[in-house]
Each structure stands twice: as C-alpha cells, then as structure tokens.
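What follows is a short report on a single structure.
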Amino acid sequence: MSPTDAPLLEVSGLVKSFGDNVVLNGVSFAVDPGKVTCLIGPSGSGKTTVLRCLNGLETPDAGVLAFSDGGRYDFSQAPSGRAAKAERAALRDRSAMVFQHHNLFPHLTVIQNVIEGPVRARGIAKDAAVAEAERLLERVGLSQKRDAFPHELSGGQQQRVGIVRALALRPDLLLFDEPTSALDPELVGEVLLVLKELAEEGWTMVIVTHELGFARQVADQVVFFDEGVIVERGHPAEMFAAPQNARTRRFLDRLL
Ligand code: ADP
1 MSPTDAPLLE VSGLVKSFGD NVVLNGVSFA VDPGKVTCLI GPSGSGKTTV LRCLNGLETP
61 DAGVLAFSDG GRYDFSQAPS GRAAKAERAA LRDRSAMVFQ HHNLFPHLTV IQNVIEGPVR
121 ARGIAKDAAV AEAERLLERV GLSQKRDAFP HELSGGQQQR VGIVRALALR PDLLLFDEPT
181 SALDPELVGE VLLVLKELAE EGWTMVIVTH ELGFARQVAD QVVFFDEGVI VERGHPAEMF
241 AAPQNARTRR FLDRLL
C-alpha cells in the first residue's frame with residue numbers, strides 16, 4: 001500500500017466507560033482520506049462518544065488513534081492525567097466538530113463567529129481569517145448574512161454558519177454529530193446539500209446521522225453500532241441491500 005492509500009485515521013480498540021456503563025467496548029475502524037464515513041445505529045449505542053473521543057472531548061480508557069502523517073495517540077499507555085490531556089489537545093487541533101445545535105456565540109455576528117476559532121485557537125492573522133471566512137460564507141450562499149447575528153438567521157442558516165466555522169479551522173477531519181436532527185424538516189435539505197458538496201470537494205468526514213437516505217447517497221462507508229460495538233460495516237449500497245447481521249437488519253427494516 002502506498003502512503004497515499006493509507007487511511008487518514010485508524011481507530012483501534014477504543015474503550016470508554018462512564019462509571020459502570022461500558023459505552024465503547026473495543027471499537028476499531030479506518031477513515032480513508034477524502035471519504036465519508038457515516039456512523040449509524042440505535043440511540044445510546046456510542047456513536048457520539050466515538051466522535052467526542054476523536055475530537056479530544058473525552059479521554060478514552062484504552063485504544064489508539066493513529067493518523068497517516070505519523071500522529072499517534074495511545075490511550076492504553078496514558079489513560080489519564082497530564083499525558084492524556086496533551087493528547088486530547090493535539091487531537092482537537094486535527095479535527096473540527098459540528099454539533100446538533102450550532103453553538104454559535106449569540107453576541108457575535110456571523111463573520112465574528114467564523115473567525116473566532118482561526119484567530120484565537122489557530123493564531124491566524126485577522127485579515128487572512130476574514131478573507132477566508134468571506135470565501136467560505138459565499139461558498140454556502142450566506143455572504144449577505146455576514147454581519148447578521150445568529151438570532152436573525154433560520155435554523156438551517158445557523159447550521160450552515162456552524163459548518164463554515166468548522167471549515168475555517170482547516171481540519172484534517174470534519175466531524176458531524178447529527179447535524180440535522182435539531183432542524184425543522186423543511187430545513188434539513190439545505191444542510192444535507194452542503195454536506196454533499198463538501199463530500200464532492202474531497203473533505204474527509206465522519207458523520208453521525210439518522211438520515212439513512214443521505215448515508216446511502218453520500219457515504220463511502222457505513223459503520224453500524226449497537227451497544228458499544230461495531231456490528232457491521234461496509235459500503236451503503238451493499239449493507240443496506242443485504243445486511244449480514246440480524247441486528248443491522250432489524251435496525252434498517254425499521255428505518256428504510
Ligand atoms: P449515541 O450517540 O449512539 O446515541 P452516546 O455516545 O451519546 O450514544 O451515548 C452512549 C451511552 O453513553 C449512553 O448510555 C449515554 O447515556 C452514555 N453517556 C454518554 N455521555 C455520557 C457522560 N458524559 N456521562 C455519563 N454517561 C454518558
């Protein structure tokens with residue numbers, strides 16, 4: 001395998017408990033560069049916790065996250081304390097997460113929301129951050145909302161600004177936690193369209209979603225979780241047409 005074929009990220013043996021509740025029980029999968037991975041499965045199966053571990057928001061109890069550029073975060077060696085904190089901070093710089101709720105700062109305008117991360121967290125000069133933010137806002141059709149406050153936008157527009165804010169960080173990996181589940185049904189389409197365009201542009205994305213129609217159209221890989229383990233994974237065309245596992249079958253039968 002040539003280096004360019006290597007997965008951008010390999011997740012191996014991820015384990016995470018909250019008290020007695022084992023939420024992830026040895027989760028392993030690979031994320032290929034420029035590809036879309038959708039995490040699906042019943043509520044409470046551990047999907048969001050995986051994203052939070054990838055983004056350094058949670059400290060795994062065990063497991064390794066290995067990036068193709070050599071970055072390697074081994075939580076089996078450093079499950080707690082200062083070393084884990086440093087690993088989480090380094091992980092946070094590699095990815096950007098879009099949450100269910102956009103989490104925009106209500107007292108900042110759209111452009112101020114977008115440049116906040118690049119200027120403060122990444123040390124990018126303000127002029128350059130503004131120019132990039134303007135380019136990205138135009139990209140999602142929101143140039144005219146540059147100086148609006150979040151409350152002046154629709155839910156779909158707010159979520160598109162949330163996506164732009166993540167893009168502005170220029171992450172290796174874009175993480176989405178049910179990005180459309182808090183939206184009114186008529187606003188879901190405009191956000192899914194932006195995600196589809198980002199996929200076509202070659203962003204590497206991991207998306208937790210209940211939108212199986214979207215996953216079928218856009219995902220290169222679907223990973224099905226149940227009770228903290230990966231039950232099945234594969235290309236959506238194959239998995240949705242002929243799931244191999246009875247648990248996957250039951251889940252898909254209910255939703256497709
Ligand atoms: P999903 O995204 O598949 O719905 P989650 O990863 O959100 O699943 O949650 C998996 C399990 O972990 C649930 O039982 C949830 O209650 C538990 N959990 C998640 N975060 C925490 C936390 N911070 N403290 C305690 N339990 C948590």
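Using the UniProt record's numbering, the first residue of the sequence shown is number 1, and each one after it goes up by one. Every residue gets a Cβ at the ideal spot worked out from N, C-alpha and C, and that includes glycine. In this text the structure is predicted, and so the values were computed from the model without any measurement.
With 16 as the cutoff for other CB atoms within 10 Å, does R94 come out buried or exposed? buried
Hey, would you say the C-beta of G13 is under 7 Å away from at least one heavy atom of ligand 1? no
Residue range of the alpha helix (DSSP H) that includes A131: 126 to 139
How big is the Cα-Cα spacing for Q244 and R216? 17 Å
Beta strand (DSSP E) containing K16: first to last residue? 9 to 18
With a threshold of 7 Å, establish whether the CB of G46 neighbours any heavy atom of ligand 1. yes
Do V161 and V218 have their C-beta atoms closer together than 8 Å? no
Close-in-space but distant-in-sequence residues of the same chain around M1 (CB under 7 Å, 5 per side omitted): For M1, the pLDDT reaches just 47, beneath the cut-off of 50, and the residue's location in the model is therefore unreliable, although a value from the coordinates is still provided. Correct list: empty, nothing qualifies.
Cutting at 7 Å between CB atoms, please list the residues of its own chain near V130, excluding the five before and the five after it. I111, I115
Please classify H102 as buried or exposed, where buried requires at least 16 other C-beta atoms within 10 Å of its C-beta. buried
Starting from residue 275, follow the beta strand (DSSP E) in both directions and report where the run begins and ends. Outside the shown range of the chain, which is 1 to 256, sits residue 275, and nothing can be said about it.
Okay, do the region 7 to 22 and the region 229 to 242 touch, 3+ Cβ pairs below 8 Å being the bar? no
Cα-Cα separation between T180 and L142, rounded to whole angstroms: 18 Å
Does the beta-carbon of T49, which I'm using as the reference point, lie nearer than 7 Å to any heavy atom of ligand 1? yes
With DSSP as the reference, identify every bridge partner of A96, one or two as the case may be. L174
Does at least one heavy atom of ligand 3 sit under 7 Å from the Cβ of V208? With respect to ligand 3, the structure shown offers nothing to examine, as its ligands consist of ligand 1.
Please find out if some non-hydrogen atom of ligand 1 comes closer than 7 Å to the beta-carbon of F225. yes
Check whether the Cβ atoms of T48 and V208 lie closer than 8 Å to each other. yes
How would you label V11, buried or exposed, when you count the other beta carbons within 10 angstroms and need 16 or more for buried? buried
Take K196 as the anchor and find which of L183, D184, F176 has the nearest alpha-carbon. F176
Minimum C-alpha distance to L137 - residue among V119, R120, I163: I163
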